[in-house]
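Peer 1:
Chains as they are written, first to last, in the numbering used here: chain Z, 956 to 1227; chain Y, 547 to 790.
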């Protein structure tokens, strides 16, 4: 996507013109995210899963939980890894092959938001210190694309983790062995919520859709935890933000995030 | 990766950090403009124990050709760490972390570089981390700005970068490796001081909204310190004795 097509240029012009009247292309308020639909336990064979639709972006996340060797310097902590992948069926421009920088950034930002919030209490996921720990792997696949995959993947991963049940293992003859009937919820300390904002001209918009995404000068993704603290952030795009804009985005992320957190909680209650 | 338990004292009772600095004191910074013969522009930075070399080529022909843009020049950035730059040998192949850092540095530089003046060309920025000790992306970004200026590429401003963070419940300037590993938050900031624009911003770690504001302010303060050193490096090269 090196050259912008004429249609994209026209769309950008229209989007900016509408923003000057305080409007967005799909009629939302500037700080209003799209409709969020969360379906929990969509993949019963996974230890936890969620299918999330944010506007017309759709992500399926499956959580697999299995014994693993700890990282050499983290022998007293379990492992958490979150990935994201764009499937070729999600958009005509997506090709198979190794992930490009955009997708690598996406996966790492989603992983970081959940990791840095300390959502999962990894110290509780130890089978035997320095030898064997429990690994939680949250894999996101994008099945439909209409902008803002950062939030769609983050919500899917968070909802999938909230719904996850971890089996229990004990060491027998130096091998982690499954204990029947020992299932429990994954130990969760907080619910991280990421809010991505785009900057078009001098306007900050929450949860940009596909057309808005192509028109953005810059974007910022801020993850907040249940206490309203900011725990991860990523600026992207080839524009910049002023100090006041960065502070304002922080405030928006806390406000919008708290509403989405309630939806994630409701989805968990409804799924049980 | 906040909150790892270590015996290390990050901040003592006199407000002195583990490497002897005050909370608002950056590490020793040395920037040199030029130095490479073949590159169109280059810079070398020592930022604490980080040692980073940057070479810039271009504007030049784009290969592969399909990457070129008829409306504007393109900026390509490669951030790469040498296998010997860290304690345990690093696999020389570019890691996912390096690909992401390349991308955020590219996007931090793009607002500064007037690429629209050079349609169908590419400006290549090669960043080689010879030794790493926490905060490489900020040091690399600061050096890359100097190298671009050294190459004579028109710019709206230079991007200066410095991290702020939180360790021992205190907001600190310029997070070092130990503070990054054992501290509570790390926020790298890239900033164009004359235009007052933030062009790189990331955060790992938990901050209250008040700490968040203080952290951004602290980081911008650090960027302004770096900015003066960037200008000094360029004046030293082009005006001999460092006078303007």
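Cβ coordinates follow ideal geometry from the N, Cα and C atoms, glycine included. No experiment lies behind these values; they were computed from the predicted model shown.
Under 8 Å: do the region 724-732 of chain Y and the region 617-631 of chain Y share three or more Cβ pairs, one atom per stretch?
Peer 2: No, the region 724-732 of chain Y is not in contact with the region 617-631 of chain Y.
Peer 1: Residues of chain Y with CB under 7 Å from residue 1209/Z, in chain order?
Peer 2: 755
Peer 1: Figure out for me which residue from 1166/Z, 1140/Z, 1197/Z and 1106/Z has the closest Cα to the Cα of residue 1122/Z.
Peer 2: Answer by Cα proximity: 1140/Z.
Peer 1: What are the boundary residues of the alpha helix (DSSP H) that includes residue 601/Y?
Peer 2: Counting along the chain, residue 601/Y falls outside any alpha helix (DSSP H), though it belongs to the beta strand (DSSP E) covering 596-607.
Peer 1: Short of 7 Å in beta carbon distance, which residues of its chain neighbour residue 561/Y, apart from the five on each side in sequence? Order them along the chain.
Peer 2: Cβ neighbours of residue 561/Y beyond the five flanking positions: 568 and 569.
Peer 1: Short check: CB of residue 752/Y to CB of residue 1184/Z, under 8 Å?
Peer 2: yes
Peer 1: For residue 1145/Z, does the count of other Cβ atoms within 10 angstroms reach 16, so buried, or fall short, so exposed?
Peer 2: That one is buried.
Peer 1: What do you get for residue 1051/Z, buried or exposed, if any count of 16 or more other CB atoms within 10 angstroms of its CB means buried?
Peer 2: exposed
Peer 1: Hey, out of 1130/Z, 1150/Z, 978/Z and 1046/Z, whose CA is closest to residue 1011/Z's CA?
Peer 2: 1046/Z
Peer 1: Bridge partners for residue 707/Y per DSSP, in chain order?
Peer 2: 736/Y
Peer 1: So what does residue 592/Y bridge to, in DSSP terms?
Peer 2: 576/Y and 597/Y
Peer 1: Look at the alpha carbon of residue 1223/Z and the alpha carbon of residue 996/Z, and state the distance between them as a whole number of angstroms.
Peer 2: 10 Å
Peer 1: What's the gap between the Cα of residue 1119/Z and the Cα of residue 1068/Z?
Peer 2: 18 Å
Peer 1: By the DSSP assignment, the alpha helix (DSSP H) with residue 1233/Z in it spans what residues?
Peer 2: Not covered by the structure: residue 1233/Z. The range shown for chain Z is 956 to 1227.
Peer 1: Suppose you measure from the CA of residue 974/Z to the CA of residue 1166/Z; what does that come to, to the nearest Å?
Peer 2: 13 Å
Peer 1: Restricting to Cα atoms, I'd like to know which of 746/Y, 779/Y, 768/Y and 786/Y is closest to residue 1201/Z.
Peer 2: Ranking the options by Cα distance to residue 1201/Z, first place goes to 746/Y.
Peer 1: Output yes or no for whether 8 Å exceeds the beta carbon distance between residue 582/Y and residue 725/Y.
Peer 2: If you check the CB distance, residue 582/Y and residue 725/Y do not come in under 8 Å.
Peer 1: For residue 659/Y versus residue 776/Y, is the C-beta spacing smaller than 8 Å?
Peer 2: no
Peer 1: Quick one: list the residues of chain Y neighbouring residue 1037/Z, beta-carbon separation under 7 Å, in chain order.
Peer 2: Those within 7 Å of residue 1037/Z in chain Y number zero; the least Cβ separation is about 12 Å.
Peer 1: Could you name the residues of the same chain whose beta carbon sits closer than 6 Å to that of residue 689/Y, not counting the 5 residues immediately before and after it, in chain order?
Peer 2: 589, 591, 598 and 600
Peer 1: Could you tell me whether the Cβ atoms of residue 1191/Z and residue 1172/Z are closer together than 8 Å?
Peer 2: no
Peer 1: Starting from residue 630/Y and walking both ways along the beta strand (DSSP E), at which residues does that stretch end?
Peer 2: Element bounds for residue 630/Y: n/a, residue is neither H nor E.
Peer 1: So if DSSP puts residue 1099/Z in a beta bridge, which residue, or which two residues, is it bridged to?
Peer 2: Under the DSSP definition of a beta bridge, residue 1099/Z partners with 1013/Z.
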